[in-house]
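If you're matching positions, the sequence shown starts at 20 in the working numbering and goes up one per residue. Glycine included, every Cβ here is placed at the ideal spot set by N, Cα and C. Report on one structure; see the data block that follows.
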Amino acid sequence: MVKYKECYPNGCVSFAWKCRKFDDGHKCPRSKKHVGKDCFSCPHFYDLKLAYSPELKAESVEYDRFRKNFAEFEEWVREMSGRRIEVRGKIKSINPLLTNHGDNGSLRIACRGALLYLSDGVFGYDRFLDPFYARLTFDVYDRAELAVGDEIDMKGQLEIDRGRFVFGKVGNIDIVRSENGETIPSGQLKQAKFTGIVIDGQPAKCLRCPHGLLIDSSQSDGRSSPRRLLYCTKGVADYHFCPFSV
């Protein structure tokens with residue numbers, strides 16, 4: 020909010036996709052259930068510009084303390100970034116590591132390995148309270164024989180990916196404690212690029228769902244898209260009709 024989005028103190032502007040038919044309580048002439056990117060050419064579609072101006076709720080002393088702690092945290096991150104360090108964490112979920120390499124809005128989904136979502140981290144000698152991620156090649160993943168709920172030690176190189184703490188070049192994995200949780204074969208992870216579908220927008224339900232993944236998108240020249248795509252590995256196109264409860 021403060022550093023990257025710079026919402027405070029300058030505020031920000033966003034745009035909401037709206038439909039005049041829906042506003043008046045009518046059905047969509049194209050039988051759509053919600054406004055999405057397919058609606059851009061419709062005469063009933065319009066963008067609603069929303070301007071936000073955040074206010075500081077904390078006392079100035081508390082805010083100054085936050086800025087000081089944040090500066091110390093950034094210094095710690097700089098020291099850790101790019102280094103190959105020992106890490107401990109508990110696996111909360113195992114997902115396919117998907118990326119999109121399509122140009123000009125097209126889709127070309129690739130599965131490059133397994134993506135672990137972990138908690139209860141220890142980076143070197145420092146505890147890390149937020150969730151973090153680890154990218155594993157399929158060779159490393161298959162050898163490790165991991166399951167959801169396992170507490171593991173590993174070595175990896177830390178990078179900060181738009182606010183996410185992600186470990187790459189992962190190896191030397193040891194299972195410290197196992198809860199005999201769900202195992203997901205690499206073949207099942209590889210199938211996700213064939214069975215899944217990109218979701219319009221980023222519905223809150225899909226973001227909470229274990230089958231909903233935010234995937235990075237890049238052009239053929241290597242440029243990254245500023246916005247991640249929301250991908251449903253179960254192929255549910257409209258979350259209103261999703262059979263999975265979250």
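Taking the Cα of PRO150 as reference, the smallest distance to any Cα among LYS174, LYS111 and GLY132 is reached at LYS111.
Between GLU105 and ASP172, the C-beta spacing is below 8 Å. Note that the C-beta distance between LEU117 and LEU249 is not below 8 Å.
Within the same chain, GLN176 and LEU177 come within 8 Å of ARG102 by CB-CB distance, once the 5 residues on both sides are set aside. Partner residues in the beta bridge of LYS37, as assigned by DSSP, are TYR65. Contact check for GLY200 against ALA166 passes: the beta carbons are separated by less than 8 Å. Secondary-structure assignment with DSSP links SER236 through a beta bridge to ASN119. In the three-state scheme derived from DSSP, where H, G and I count as helix and E and B as strand, LYS224 is classed as helix. In the three-state scheme derived from DSSP, where H, G and I count as helix and E and B as strand, GLY30 is classed as coil.
DSSP, read as helix, strand or coil, puts ASP172 in strand. Of the candidates TYR71, SER79 and VAL54, the residue whose Cα lies closest to the Cα of HIS63 is VAL54.
Inter-residue distance for PHE34 and LYS76 is about 25 Å (C-alpha atoms, whole angstroms). The beta-bridge partner set that DSSP reports for GLU105 consists of LYS174. Of the candidates PHE186, LEU135, SER264 and LEU69, the residue whose Cα lies closest to the Cα of GLU170 is LEU135.
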